[in-house]
Amino acid sequence: MPFTLLFLPKGVLPFWRTSDKKQEAAAAQKFTAQDLSALKVIDSIIVEPLGGAHRNHSQVFASVKMAVKEALQKMNNKSGDELQNERREKFLAMGKIGL
Amino acid sequence: MVAPLDFEKNIAELESKLDGLRNFSGGDGVDIAKEVGRLEKKLDRLMHHKYENLSPWEKVLVARHPERPHYLNFLKALFDDFEELSGDRSFAEDKALVGGLARFDGRPVMVLGLEKGHDTESRLKHNFGMPKPEGYRKARRLMNMANHFNLPLITFVDTSGAHPGLEAEERGQAEAIAGSIETMMNLKVPVIVVVTGEGGSGGAIAVAVGNQILMLEHAIYSVVSPEGCASILAHLR
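Chains as they are written, first to last, in numbering that gives the first Met the number 0: chain A, 0 to 98; chain B, 0 to 236.
1) Along the chain, where does the beta strand (DSSP E) containing Ala-101/B start, and where does it finish?
2) Starting from Ile-96/A, find everything on chain B with Cβ-Cβ shorter than 7 angstroms and list it in chain order.
3) Whole angstroms are fine: how far does the CA of Ile-31/B sit from the CA of Val-67/A?
4) In the structure shown, what three-state DSSP assignment does Phe-90/B receive?
5) Tell me, to the nearest whole angstrom, how far the beta carbon of Gly-202/B is from that of Ile-219/B; I am working on the premise that it is less than 8 angstroms.
6) Under 8 angstroms, with one C-beta from each stretch per pair, do the segment 44 to 54 of chain A and the segment 139 to 147 of chain B reach the 3-pair mark?
7) Does chain B have any CB closer than 7 angstroms to the CB of Met-74/A?
8) Which stretch, first to last residue, makes up the beta strand (DSSP E) that contains Phe-81/B?
9) Can you tell me whether Arg-16/A is helix, strand or coil according to DSSP?
10) My understanding is that Asp-42/A touches Ile-212/B, with C-beta atoms under 8 angstroms, so please give their C-beta distance in whole angstroms.
11) Once the 5 residues before and after Lys-131/B are set aside, which same chain residues still bring their CB inside 6 angstroms of it?
12) On the criterion of 16 or more Cβ atoms from any shown chain inside 10 Å, does His-69/B qualify as buried, or is it exposed?
13) Let me confirm a value: Thr-111/A is counted as buried when at least 16 other C-beta atoms fall within 10 Å, else exposed. Which label applies?
14) May I have the straight-line CA-CA distance separating Thr-182/B from Val-206/B, to the nearest angstrom?
15) If you drop the 5 nearest sequence neighbours on each side, which residues of the same chain put their C-beta closer than 8 angstroms to that of Ser-89/B?
16) Using a 10 Å radius around the Cβ and a threshold of 16 neighbouring Cβ atoms, would you call Gln-172/B buried or exposed?
17) I'd like to check one pair, Ala-95/B with Met-129/B: are the Cβ atoms closer than 7 angstroms?
18) Does any CB atom of chain A fall closer than 7 angstroms to the CB of Glu-66/B?
19) Starting from the C-beta of Val-192/B, find all residues in its chain whose C-beta is less than 6 angstroms away, skip the five residues before and the five after it, and write them out in chain order.
20) I want to see whether chain A comes within less than 7 angstroms of Ser-221/B, judged by CB atoms only; does it?
21) Report, in whole angstroms, the separation of the C-beta atoms of Arg-139/B and Gly-178/B, which I expect to be a contact under 8 angstroms.
22) In three-state DSSP terms, what is Pro-107/B?
23) Can you confirm whether Gln-172/B, when its beta carbon is compared against all beta carbons of chain A, has any partner nearer than 7 angstroms?
24) Answer yes or no: do Pro-151/B and Val-194/B have a C-beta to C-beta separation smaller than 7 angstroms?
25) Within the 7 angstroms Cβ cut-off, does Lys-39/A reach chain B?
26) Is any beta-carbon of chain A found at less than 7 angstroms from that of Ala-175/B?
27) Check whether the Cβ atoms of Glu-216/B and Ile-44/A lie closer than 7 angstroms to each other.
Given below as structure tokens:
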């Protein structure tokens with residue numbers, strides 16, 4: 000069964016004494032789109048309008064639509080087995096790159 | 000009006016100043032236009048600076064912003080002819096996970112996603128975006144259906160995690176999530192995943208095994224929320 004990865008540098012562990020250390024935890028977890036793109040956990044980042052998605056919904060919808068369309072096109076000519084294998088390889092490779 | 004986040008205080012101040020100036024229709028319009036232009040430039044600079052250098056914690060706040068578009072907004076804006084399919088055929092219907100057949104760009108697809116809700120009523124209805132086992136079993140049912148009819152699968156991820164309650168464990172939450180991952184891994188159709196807000200742990204990965212995984216710029220995706228992570232590590236000590 001596949002499993003997700005916990006990105007935690009062991010060195011910082013002793014500094015978490017109370018549960019209000021969430022900001023430090025956030026920094027260590029590497030969960031931003033930019034970090035995950037570098038670690039090849041995700042394939043691409045969809046740019047949001049300046050100031051975040053909540054400031055301009057229609058712009059977000061347009062860019063997500065475009066990104067999904069492109070992603071679909073990339074897989075247009077692939078057979079079912081190819082798609083399955085690629086997905087499998089992609090997940091098996093996670094954690095081997097960039098850490 | 001969008002409620003400003005903690006780190007947006009100075010941006011919000013500038014915005015309200017600008018609004019005030021724009022609404023002010025005094026006699027000497029030229030001076031006001033100049034001042035508005037100056038403030039707009041300043042605001043733009045400030046926003047660029049702030050949003051290009053968000054700390055991970057600030058990203059969490061943006062990803063959880065109540066006004067952020069949620070899955071149902073995307074569903075309505077991006078898809079046509081949505082036909083919802085409900086129930087897991089064994090226990091119940093779970094509204095935290097909404098899915099069905101639809102057209103994307105004219106092409107029939109299967110779409111499913113995690114919906115958090117936007118006010119108290121809809122949050123309760125969608126269980127704050129935390130699916131129970133029946134939700135994941137419904138997801139599995141729809142995935143198999145997509146496979147059967149050779150339809151591309153598009154999923155949207157926005158959840159703080161799977162429902163952690165007693166009843167969820169009693170009905171086999173872990174098995175439901177694992178089963179969903181397995182089913183998704185073996186699909187022979189294109190699978191596209193969009194992480195729109197929070198991608199929390201197993202609750203997210205159950206519907207995030209895709210050929211192409213896309214993520215919004217300020218979304219987050221991890222095994223555990225920062226609060227959960229800090230609390231687990233603090234207790235371990």
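Backbone N, C-alpha and C define an ideal beta-carbon position, used for all residues, glycine too.
Reading off the structure:
1) 96 to 103
2) None at all; the shortest Cβ gap to chain B is about 14 angstroms.
3) 44 angstroms
4) coil
5) Gly-202/B to Ile-219/B, Cβ: 13 angstroms. No contact.
6) no
7) yes
8) 78 to 83
9) Because Arg-16/A carries a pLDDT of 48, less than 50, the predicted location of this residue cannot be relied on, and the following value inherits that uncertainty. Three-state result, Arg-16/A: coil.
10) 5 angstroms
11) Asp-93, His-162 and Ala-167
12) buried
13) The displayed coordinates of chain A run from 0 to 98. Any statement about residue 111/A would go beyond what the structure contains.
14) 10 angstroms
15) Glu-133 and Arg-136
16) buried
17) yes
18) yes
19) Thr-154, Ala-207, Gly-209 and Ile-212
20) yes
21) 6 angstroms
22) strand
23) no
24) no
25) no
26) no
27) yes
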